[in-house]
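Student:
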Amino acid sequence: MRSADATTLYDTDYYAAADGARLAACLEPIIAWLDGRRARWLLEQLRPPADRPARVLDVGAGTGGVLARLRDHGVEVHGTTASRTAADAAARRHGLTLHVATDLPADLATLPFDAITYWHVFEHLEDPAAHAAAWPGMLADAGFLVIEVPNVDSIGARLCRRSWLGSDPVHHVNMMSRAEIATLLARHGLRIERAEGFSLKFTYVFLWSALLGLLFGKGYDFDTVFDVLKRPLDSLRRRPLRTLNAVGAVAYLAPAILTLAAWGCLTGRGEVLRMVVARGEDPVPETP
Numbered sequence: 000m001r002s003a004d005a006t007t008l009y010d011t012d013y014y015a016a017a018d019g020a021r022l023a024a025c026l027e028p029i030i031a032w033l034d035g036r037r038a039r040w041l042l043e044q045l046r047p048p049a050d051r052p053a054r055v056l057d058v059g060a061g062t063g064g065v066l067a068r069l070r071d072h073g074v075e076v077h078g079t080t081a082s083r084t085a086a087d088a089a090a091r092r093h094g095l096t097l098h099v100a101t102d103l104p105a106d107l108a109t110l111p112f113d114a115i116t117y118w119h120v121f122e123h124l125e126d127p128a129a130h131a132a133a134w135p136g137m138l139a140d141a142g143f144l145v146i147e148v149p150n151v152d153s154i155g156a157r158l159c160r161r162s163w164l165g166s167d168p169v170h171h172v173n174m175m176s177r178a179e180i181a182t183l184l185a186r187h188g189l190r191i192e193r194a195e196g197f198s199l200k201f202t203y204v205f206l207w208s209a210l211l212g213l214l215f216g217k218g219y220d221f222d223t224v225f226d227v228l229k230r231p232l233d234s235l236r237r238r239p240l241r242t243l244n245a246v247g248a249v250a251y252l253a254p255a256i257l258t259l260a261a262w263g264c265l266t267g268r269g270e271v272l273r274m275v276v277a278r279g280e281d282p283v284p285e286t287p
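Quick note on numbering that gives the first Met the number 0: the sequence shown kicks off at 0 and runs consecutively.
1. If you draw a straight line from the C-alpha of Val227 to the C-alpha of Gly136, how long is it?
2. Do you know offhand how far His77's Cα is from Ala67's?
3. Using a 10 Å radius around the Cβ and a threshold of 16 neighbouring Cβ atoms, would you call Leu265 buried or exposed?
4. Taking C-beta to C-beta, are Arg273 and Glu147 nearer than 8 Å?
5. Count the other CB atoms, across all protein chains shown, that sit within 10 Å of the CB of Gly267; report buried if there are 16 or more and exposed otherwise.
6. Jot down the residue ranges of each uninterrupted alpha helix (DSSP H) in the region 71 to 103, minimum 4 residues, whole runs only, in chain order.
7. Using the Cβ count rule (16 or more neighbours within 10 Å means buried), how would you classify Glu125?
8. Any idea which residues DSSP pairs Leu257 with across the strands?
9. So, are the CB atoms of Ser162 and Asp220 less than 8 Å apart?
10. According to DSSP, simplified to helix, strand and coil, what is Glu195?
11. Pick helix, strand or coil for Pro168, following the three-state DSSP scheme.
12. How big is the Cα-Cα spacing for Ile154 and Gly212?
13. Return yes when at least one heavy atom of the ligand MN lies under 7 Å from the C-beta of His72, else no.
14. CA-CA distance, Leu69 and Gly216?
15. Going by the CB atoms, is the gap between Asp140 and Val55 shorter than 8 Å?
16. Counting only the same chain and skipping the five closest in sequence on each side, list residues whose C-beta sits under 7 Å from that of Gly263.
17. Buried or exposed, going by whether 16 or more other CB atoms sit within 10 Å of the CB of Val169?
18. Whether or not the region 224 to 238 and the region 173 to 191 are in contact is what I'm after, with contact meaning three or more pairs of Cβ atoms, one per stretch, closer than 8 Å; do they touch?
19. Assign Ser208 to one of two classes, buried (16 or more other C-beta atoms within 10 Å of its C-beta) or exposed (fewer than that).
20. By Cβ distance, which residues of its chain are closer than 8 Å to Gly279, with the 5 residues on each side in sequence left out?
21. At which residue ranges does the region 99 to 159 contain complete alpha helix (DSSP H) runs of 4 or more residues, listed in the order of the chain?
22. To the nearest angstrom, how far is it from the Cα of Phe201 to the Cα of Leu33?
23. Nearest to Ile29 by alpha carbon, out of Leu199, Ala261, Ala132, Pro254?
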């Protein structure tokens, strides 16, 4: 296991405050509500055996919002994070103990998990193949994986990848397409059972960011757009017109965003790619 410490990238400026928040405080209630929806969705998918509670591993659990809600419904929860800041926040906020690591901890490999989740974490992995190799041995008989990533083939990415919030050029070091992920899964006897392209948490803001870059040029790149979400008051002081326009665009671009979101879902080019992964055929050997 490779441990993460206070010098890692995710303990520099990734989390906006010591309490583990990534975005402005005014957005935290929305994030909490979305975490609750995500937990409820996962509860509906779980099929634990009769002799024990459901067991879930959330890789890259952040501050543990989803795990805390699952725990409140009787699920045995485990989680990892690459950030000591996030782990400390999870302990303070929810009483959760997260493994601070970028690899899958060896002591979790002996537990059969009914679900292993990667909510916008897979694209951060420097060695996704190492994670994939461990999954078959960590899944219970009826267990499954949930992998949600920014869709590199989405409409937003094609409109203006420079400003698209799914790009995150510093932290997203592993941007794989659905076909590439499917190939990796097949090597380990896993398959994509179903896939979706819409997310309440990401679809709207991803399209908003892409349209800002498309319509208003290089004044909007990833850092500028994310700064509006992370430090709105500071952004307003430094770039008042640009910030006010970005905030206003949340409303005045709504017709275009909603139209593109619907079109993306219909065409398979939605802003996210959420895959439910289950055991499939025998592993496919890698081509030499």
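Note that beta-carbon positions come from the ideal geometry of N, C-alpha and C, so glycine has one too.
Tutor: Answer, in terms of the structure:
1. The sequence position of residue 227 within the sequence shown is 228, counting from 1. The sequence position of residue 136 within the sequence shown is 137, counting from 1. The C-alpha of Val227 lies about 42 Å from the C-alpha of Gly136.
2. To locate residue 77, count along the sequence shown from 1; it is residue 78. To locate residue 67, count along the sequence shown from 1; it is residue 68. If I take the Cα positions, the gap works out to 10 Å.
3. If you number the sequence shown from 1, residue 265 lands on position 266. So Leu265 counts as exposed.
4. On the sequence shown, position 274 is the one that residue 273 refers to. On the sequence shown, position 148 is the one that residue 147 refers to. Taking 8 Å as the cut-off, the beta carbon of Arg273 is found closer than this to the beta carbon of Glu147.
5. The count along the sequence shown starts at 1 and reaches residue 267 at position 268. The residue is exposed, with fewer than 16 neighbouring Cβ atoms inside 10 Å.
6. The region 71 to 103 is shown to contain whole alpha helix (DSSP H) runs of 4 or more residues at 83 to 93, in chain order.
7. The residue given as residue 125 occupies position 126 in the sequence shown. Glu125 comes out exposed.
8. Position 258 of the sequence shown, counted from the start, is the residue given in the question as residue 257. Looking at the DSSP output, Leu257 sits in no beta bridge, so it has no partner there.
9. To locate residue 162, count along the sequence shown from 1; it is residue 163. To locate residue 220, count along the sequence shown from 1; it is residue 221. Yes, these two residues count as a Cβ contact at 8 Å.
10. Reading the sequence shown from its first residue, position 196 is the one you call residue 195. In the three-state scheme derived from DSSP, where H, G and I count as helix and E and B as strand, Glu195 is classed as strand.
11. As a first step, residue 168 must be located in the sequence shown, where it is residue number 169. Here DSSP, grouped into helix, strand and coil, assigns Pro168 to coil.
12. Walking along the sequence shown from the start, residue 154 turns up at place 155. Walking along the sequence shown from the start, residue 212 turns up at place 213. Ile154 and Gly212: Cα-Cα distance of roughly 13 Å.
13. Only the bare structure without any ligand can be found here, which leaves the ligand MN out of the picture.
14. Within the sequence shown, residue 69 is the residue found at index 70, counting from 1. Within the sequence shown, residue 216 is the residue found at index 217, counting from 1. Rounded to whole angstroms, the separation of the alpha carbons of Gly216 and Leu69 is 43 Å.
15. In the sequence shown, counting from the first residue as 1, residue 55 sits at position 56. In the sequence shown, counting from the first residue as 1, residue 140 sits at position 141. Pairing Val55 with Asp140 gives a Cβ-Cβ distance that is not under 8 Å.
16. Sequence index remark: in the sequence shown, residue 263 carries index 264 (1-based). Non-local C-beta neighbours of Gly263 in its own chain, meaning closer than 7 Å and more than five positions away in sequence, comprise Ser153, Ile154, Gly196, Gly269, Glu270, ordered along the chain.
17. Indexing the sequence shown from 1 puts residue 169 at position 170. With a 10 Å radius around the Cβ and a threshold of 16 neighbouring Cβ atoms, Val169 comes out exposed.
18. The answer is no - the region 224 to 238 does not touch the region 173 to 191, with fewer than three Cβ pairs under 8 Å.
19. Along the sequence shown, read from residue 1 onward, the residue named residue 208 stands at position 209. By the beta-carbon neighbour count (other beta carbons within 10 angstroms, threshold 16), Ser208 is buried.
20. Translated into positions along the sequence shown, residue 279 becomes position 280. Excluding sequence positions up to five before and after Gly279, its CB lies within less than 8 Å of the CB of Leu184, Ala185, Gly188, Leu189, Arg190, all in the same chain and listed in chain order.
21. Under the rule that a run must span 4 or more residues, the alpha helix (DSSP H) segments found entirely inside the region 99 to 159 read 127 to 137, 154 to 159.
22. As a first step, residue 201 must be located in the sequence shown, where it is residue number 202. As a first step, residue 33 must be located in the sequence shown, where it is residue number 34. When rounded, the distance between both Cα atoms is 10 Å.
23. What you label residue 29 is simply residue 30 of the sequence shown in a count that begins at 1. The shortest C-alpha separation from Ile29 is found at Leu199.
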